[in-house]
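A.B. asks: Take this structure, written in structure tokens, and hold onto it; I'll ask about it next.
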Amino acid sequence: MEGLKALLDWIKGKLSAPLARSIVASVLILSFGSTLIHTFNGYDWQYVFLSVWFLSLATLALLACLLVAWKNRRILNRASKFVAIPTMIILAAICGPMAWINSQFAYNPLGIFAQRRWHHVATMNTSRRWTWRLRAASNTPLKFEVRVDSSCDGVHIVEFYPVAHGGVSPSWFESGFQLPKSRMWEIDDFRQPAEVEFILVLNDDYADANHCIAHELRT
């Protein structure tokens, strides 16, 4: 809290008044917004600042501050022009793309960020390959099951298997009955910064996994 107060005092003392007011208001809004995200979504603080909600709010706040700077460009002092504005442009250029990337994942109460949709990987050899990623959102080791089911007639699962990414490799094994319409894997010791990519291969080149294949996480 002392650090935030010192930052706000520096902004009010060094930057031109219109820009300083907009930045201070944005910082207070982001502080309040991050607290809401932490409280209601249950994210760890490091994931609060990486969440699509916070990054989107930060991008909008930065763009609003840049608009204020543009409207008051004739009265801005040197610190506003050569320190604050370039910094905000860089931060907006970082937060915007990160918000879009993180919007592809949804938080699961198990403590996992799961990709919202299957991602189609078209290669010269086959167009039937799809991927789906999971990211650990907690340092606590998790054990859970991943199940996929086909709901389309004639669309069968040829392959479904995980590939590890990140600095920690969880353990896994196939569980249950592996059927043409259904596959299941059990994942153990899944914790930060582990990331698992599931590879799905279907028997039909024209089948859409986002329409035909449902994925489920359960303990």
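Numbering (this note's numbering), first residue to last: 19 to 237. No residue lacks a Cβ here, since even glycine has one placed at the ideal position from N, Cα and C.
I think Asp206 touches Ser193, with their Cβ atoms under 8 Å apart; what is that distance to the nearest whole Å?
C.D. replies: With a Cβ gap of about 11 Å, Asp206 and Ser193 do not count as contacting.
A.B. asks: If you reduce the DSSP assignment to three classes, tell me which class Ala140 lands in.
C.D. replies: Reduced to three states, the DSSP call for Ala140 is coil.
A.B. asks: Please confirm whether Leu94 and Leu37 have their CB atoms less than 8 Å apart.
C.D. replies: Yes; because the gap between Cβ atoms is below 8 Å, this pair is in contact.
A.B. asks: Should the stretch 98–105 be regarded as contacting the stretch 114–133, the criterion being three or more beta carbon pairs within less than 8 Å?
C.D. replies: Contact between the stretch 98–105 and the stretch 114–133 is absent, because fewer than three Cβ pairs lie under 8 Å.
A.B. asks: What would DSSP say about Asp207, mapped onto helix, strand or coil?
C.D. replies: Here Asp207 sits in strand by DSSP.
A.B. asks: Figure out for me which residue from Ile29, Val66, Gly172 and Ala111 has the closest Cα to the Cα of Ser156.
C.D. replies: The candidate whose alpha carbon is nearest that of Ser156 is Val66.
A.B. asks: For Leu33 and Ser98, which I take to be in contact (beta-carbon distance under 8 Å), what is that distance rounded to the nearest angstrom?
C.D. replies: Right, the Cβ-Cβ distance comes to about 5 Å (below 8 Å), so this counts as a contact.
A.B. asks: For Tyr61, collect the residues of the same chain with a Cβ closer than 8 Å to its Cβ; drop the 5 residues on either side in sequence, then sort them by chain order.
C.D. replies: Cβ within range, chain order: Ile55, Ser69, Tyr125 and Ala155.
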